Structure formats: structure tokens, C-alpha cells
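What follows is a set of notes on a single structure, which appears directly below.
Numbering (this note's numbering), first residue to last: 84 to 261.
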């Protein structure tokens, strides 16, 4: 019986290791999608601001003809850029799809009876984390997203073992990386 328990424990440990690998891969993809979304959202907002400002200035005719022409040209260029950004599908690829990453990922991993959930971090902790990130190495495995076992399929003991295994692993990783 003792060797049977050891076999079960090693099989469980191997499954948990594989789940950690899956979780880290999904977390990296999530972070990549969120940074892509943030970068292009900033780009889009800047383009809209420039377009709005140049259109506003060109509508109220300046006494300087050259200034008026420059603002009209900038308005046309910004309008064309915004139209091309949307019509070429870049808006969908860079802003819409990253927003739906968790939903589509969870549909894909539903058959594994796990879910990827976003970790909600208060604003104060995010600011402290950002400062910490600028000063030190990135804290792995504790931010952004987590893999959660389906409570309908897995017992409470198994879910608690998974949480304990994950927390111990990332605790050891953070100590090792220092």
C-alpha cells in the first residue's frame, strides 16, 4: 500500500507540474495580449486626439492660410490612418481579440476541467508592484492570471493541494531568483 501511495503522490506531483507549465504559458500569453491591447489603445487614443485637435483648429479658420492648410492635411492623414487601422483588421487583432482572451481560452481549456481567472489586484498594490518591478526583478507566478480547478469535478482536498503546490512552487521560485 505504501508504494501505491508513493505512485499516486508522484503521479499527482507530475500532473501539478504540467498544470504549472500550462498556467505559466497561459499567463505569459495573457500578459502579452494585455500589453498589446494597452499599446494599441494608447496609439488609438493619441490618433483620435490629434485628429480631433487638428479638425477643431481647421474649422475655425486662422488668419494664416498655411496654418489652416497644415491642420487640414493633418486631419486628412489622421482620418485615413484611423480608417486603415480599422479596415485592415488591426483594431480587431490588437484591441478586440486581446479583450476576449480569457473567454476564448476558457472555452478551449474547458475539457481539462480548469479555468483561467484574472487576479484582481487593488490599485495601491498595482502601483507598489509597478515600482517594485522598476527596481527589482518581476515577481513570477503571483500576478495577472491563475489556473483554477473546476469545483464540480475536483474535490476540495484536490483543489487545496493544487493551491498549496502552486504557492509553494512560486515561493521557492521567488526565493531562488533573489
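For every residue, glycine included, the Cβ atom is placed at its ideal position computed from N, Cα and C.
Please read these numbers as outputs of a predicted model, since none were measured by experiment.
Cut-off 6 angstroms between Cβ atoms - residues of its own chain near residue i, not counting five sequence neighbours on either side
i	result
residue 254	none
Own chain, CB closer than 7 angstroms to residue i, minus 5 neighbours either side, in chain order
i	result
residue 105	230
residue 151	141, 144, 145
Environment of residue i [buried if 16+ CB atoms lie within 10 Å]
i	result
residue 161	buried
residue 137	buried
residue 228	buried
residue 143	exposed
residue 259	exposed
residue 110	buried
Beta strand (DSSP E) segment containing residue i, residue limits
i	result
residue 229	228-232
Minimum C-alpha distance to residue i - residue among the options
i	options	result
residue 157	133, 199, 95, 257	133
residue 103	197, 178, 148, 118	197
residue 195	117, 164, 173, 234	234
residue 175	143, 120, 163	120
residue 135	122, 98, 159	159
Run of the alpha helix (DSSP H) containing residue i, from where it starts to where it stops
i	result
residue 201	Note, residue 201: premise wrong, no alpha helix (DSSP H); beta strand (DSSP E) at 197-201.
residue 191	184-192
residue 148	148-170
residue 252	239-260
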